[in-house]
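K.L.:
The structure is given below, and queries will be raised subsequently.
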Amino acid sequence: MVRYYGAMTEKIYYADPLARDFDAEVVLVSTEKDGCSLVLSRTCFYPEGGGQPADRGSIAGFPVRDVQKEGDTVVHLLEAGTEGLPGVGETVHGALDWDHRFDYMQQHTGQHIISASMIHVGGYNTVAVHQGERYTTVECDVADIPDGDLSAIEELANATVCRNRSVRAFSAMDTEIPTLGLRRAPKVSGVIRIVEIEGFDRVACGGVHTPTTGDVGMIKLTGVERIRGNLRTIWKIGRRALDDYREKTDIVNALVDRFSAQPHEIVPRAERLEQALKQAQYDHRAVVSQLAVLRAEQLIAEADGSQPVRVISRQGRDESPELVRALAEHITTQERICVLLLNETENRLHWLIACSPDVILDFDLVRRELLPLIEGKGGGKPGVWQGVGNRVAAAEPMAQAFRAAAPRVAAPR
């Protein structure tokens, strides 16, 4: 970014935070590899700072991708090449992405209301703030806040919105700070900008705020999380709170239709369904285990016991992975067994090879000679190997090749 510390940029965003567009004279143009930097005599564009992101919009028709402050100068970074750029001394028109700006005005003023409410309710100090694209977080200097206090903080914050208190900014010297009753001590010296919510809060701040608390709209706590020994509270503010309420209302209405229940009946219905699902899963596992035992006994009985290692192969279709694994486990509880299980599912051939603990398998040979038959891949560790192949039609040739290769690939320990 260009370094420019010339004349102070007139900051319209402080004088008139509701201004959406403006005209200004170009003071400096600097072309860079990823765009250009533009300094104007005056601007509505708020530069990134104080936790509030830079404004978006356009200047002279070029998108503004970033705005930064260097001393008293505001530098606009444009997504532009050299063609069509305005020259020094020309007058240009700038326009804000107003939805973006007003959203963050709501977030920032709402955060002040929340932080002040935390002080009023329980003396909880704000130690960190993040104004994200989806939510705003306020981190407090305590590990926990009782649910009752959290509700009281939310209640006071929304009552402050409804009171429609005025929000104003003024400047004060650092020597005056002890007399102003600020919520927290400022981190800067000299002339300090103070933001005041009438009769409710005063704090040093360089951000852009709504003219009244009523402009903030709804404030809703949506969650908490513990971090670094502190409590981080998560908030939806302004239009975001309305959008969040609409989304959750749509979800509740969909569940009401699905369960044929009233909103207050949804959670009990879901709990009953959860218990029924757990019981069904338990019963399913029992049935799978019993079926695996029966099939394993049948396959073991049919295996040729005259060989050093009994070789078993089986082909299935659309069988559950749980059943295939259980079948392999039951078969390999017996001595001197090596088994290949093939399962066709969704036009793919899943394979599993398992051996008894007293059998050694040369899987490298299997990989070289057998897997190419099904265009297969996979791996595992001694005892169990599995994977998938693309050639479903080659299931029987692979089973035959496995049985034929068994004397070379499997041997007793």
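First residue of the sequence shown? That's 66 in our numbering, and the numbers climb one at a time after it. We put the beta carbon where it would ideally sit given N, CA and C, even for glycine.
1) Roughly how far, in whole angstroms, is the beta-carbon of Pro477 from the beta-carbon of Val424, given that I think they are within contact range, below 8 Å?
2) On a Cα-Cα basis, can you pick out the residue from Glu97, Val132, Val358 that is closest to Glu148?
3) Please report how far the alpha carbon of Asp369 lies from the alpha carbon of Gln363, in whole angstroms.
4) Can you check whether the CB of Gly272 is closer than 7 Å to the CB of Gly159?
5) Contact defined as beta carbons within less than 8 Å: I believe Glu144 pairs with Pro128. What is the distance between those atoms, to the nearest angstrom?
6) Could you pull the start and end residues of the beta strand (DSSP E) that Ser102 belongs to?
7) Helix, strand or coil: which one does DSSP assign to Leu247?
8) By Cβ distance below 8 Å, which residues in the same chain neighbour Ala470 in space, the five residues on each side in sequence not counted?
9) Compute the Euclidean distance between the alpha carbons of Leu320 and Leu105, then round it to the nearest angstrom.
10) So within the segment 325-389, which uninterrupted alpha helix (DSSP H) runs reach at least 4 residues, ignoring any that extend past its ends?
11) In chain order, which continuous runs of the beta strand (DSSP E) of length 3 or greater are located wholly inside the segment 193-218?
12) With distances taken from CA atoms, which of Gln399, Lys301, Arg413, Ser216 is nearest Arg199?
13) Does DSSP classify Met283 as helix, strand or coil?
14) CB Gln451 to CB Gly443, shorter than 7 Å?
15) Tell me, please, whether the segment 337-357 touches the segment 371-390 by the rule of three or more beta-carbon pairs shorter than 8 Å.
16) How big is the Cα-Cα spacing for Thr191 and Ala222?
17) Could you tell me the alpha carbon to alpha carbon distance between Val67 and Gly152, rounded to whole angstroms?
18) With H, G and I counted as helix, E and B as strand and the rest as coil, what does DSSP make of Leu435?
19) Comparing alpha-carbon positions, which option in Tyr78, Met73, Lys285 lies nearest Pro276?
20) Could you tell me if Ile257 is buried or exposed, where buried requires 16 or more neighbouring beta carbons within 10 angstroms of its beta carbon?
21) Counting C-beta neighbours from all protein chains within 10 Å, is the total for Pro437 16 or more, i.e. buried, or is it exposed?
22) Would a C-beta distance cut-off of 7 Å place Arg121 and His185 closer than the cut-off?
23) Would the beta-carbon of Ala234 fall within 7 Å of that of Val194?
24) For the beta strand (DSSP E) that contains Ile259, what are its first and last residues?
25) Identify every residue that forms a DSSP beta bridge with Lys301.
26) Does DSSP classify Gln399 as helix, strand or coil?
27) How about Glu394 and Ser421: do their beta carbons lie closer than 7 Å?
28) What are the start and end residues of the beta strand (DSSP E) that includes Pro477?
29) Does DSSP put Lys442 in a helix, in a strand, or in coil?
30) Please state whether DSSP places Leu83 in a helix, a strand or coil.
31) Three Cβ pairs or more, each shorter than 8 Å: is that satisfied between the segment 404-411 and the segment 367-386?
32) Tell me the DSSP secondary structure of Ala470 in three-state form.
33) Around the Cβ of Val474, are there at least 16 other Cβ atoms within 10 angstroms (buried) or fewer (exposed)?
34) Taking the alpha-carbon of Asp308 as reference, which of Asn455, Gly282, Ala224 has the nearest alpha-carbon?
35) Quick one, which of Arg267, Ile178, Glu241 has its alpha-carbon nearest Arg228's?
36) Please report how far the alpha carbon of Gln327 lies from the alpha carbon of Arg305, in whole angstroms.
P.N.:
In short:
1) 6 Å
2) Glu97
3) 12 Å
4) no
5) 5 Å
6) 100-105
7) coil
8) Leu430, Val431, Glu434, Leu435
9) 54 Å
10) 331-367
11) 201-205
12) Lys301
13) coil
14) yes
15) yes
16) 15 Å
17) With a pLDDT of only 48 at Val67, under 50, the local geometry of the prediction cannot be trusted, and no value is derived from it.
18) coil
19) Tyr78
20) buried
21) exposed
22) no
23) no
24) 256-262
25) Lys285
26) coil
27) no
28) 475-477
29) strand
30) coil
31) yes
32) helix
33) buried
34) Gly282
35) Ile178
36) 26 Å
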